[in-house]
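Chemist:
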Amino acid sequence: MLWLSEILLQEHEMDSFDQLCEKIQERAAQGEMFFRMDVKPPFQDTPVDWEDRLEAAFAQANNK
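Set out below in structure tokens:
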């Protein structure tokens with residue numbers, strides 16, 4: 017299971033929400049089956065609908 021907090025800790029060089037979406041897609045493409053959002057992303061460009069956007073990024077990569 018992939019946790020959002022785990023990605024944020026492991027990929028601490030990220031500085032934007034778009035980079036986070038890319039990392040989530042990479043992890044999903046590597047075979048992660050489940051994704052949980054346990055914290056809010058700390059980026060200034062994090063959109064209001066961040067949960068929907070991250071879920072979509074994960075699902076999109078899993079559907080390829």
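Using the working numbering, the letters of the sequence shown map in sequence onto residues 17 to 80.
Each residue gets a CB set at the ideal place from its N, CA and C atoms; glycine is no exception.
#1: Closer than 6 Å by C-beta to Phe-51: which residues in its own chain qualify, once you throw out the five before and the five after it? Chain order, please.
#2: Below 6 Å CB to CB, which residues in the same chain sit around Gln-35 once its five sequence neighbours on both sides are set aside?
#3: Work out the CA separation of Ser-32 and Ala-77 for me, nearest whole Å.
#4: Glu-22: which of Met-53, Glu-71, Gln-46, Glu-42 sits nearest, CA to CA?
#5: Whole angstroms is fine: what's the gap from Gln-46's alpha carbon to Cys-37's?
#6: Can you check DSSP and say which residues form a bridge with Trp-19?
Modeler: On the basis of the supplied data:
#1: Numbered from its first residue, the sequence shown carries residue 51 at position 35. Within the same chain, and ignoring the five residues on either side of Phe-51 in sequence, the residues whose Cβ sits closer than 6 Å to its Cβ are Leu-18, Phe-74.
#2: As a position in the sequence shown, residue 35 is number 19, starting the count at 1. Cβ within range, chain order: n/a, list empty.
#3: Counted from its first residue, the sequence shown places residue 77 at position 61. Counted from its first residue, the sequence shown places residue 32 at position 16. If I take the Cα positions, the gap works out to 19 Å.
#4: The sequence position of residue 22 within the sequence shown is 6, counting from 1. Among Met-53, Glu-71, Gln-46, Glu-42, the Cα nearest to that of Glu-22 belongs to Met-53.
#5: Locating residue 46 in the sequence shown gives position 30, counting from the first residue. Locating residue 37 in the sequence shown gives position 21, counting from the first residue. For Gln-46 and Cys-37, the gap between their C-alpha atoms comes out near 14 Å.
#6: Taking the sequence shown and counting its residues from 1, the one referred to as residue 19 is at position 3. BP columns for Trp-19 point to Arg-52.
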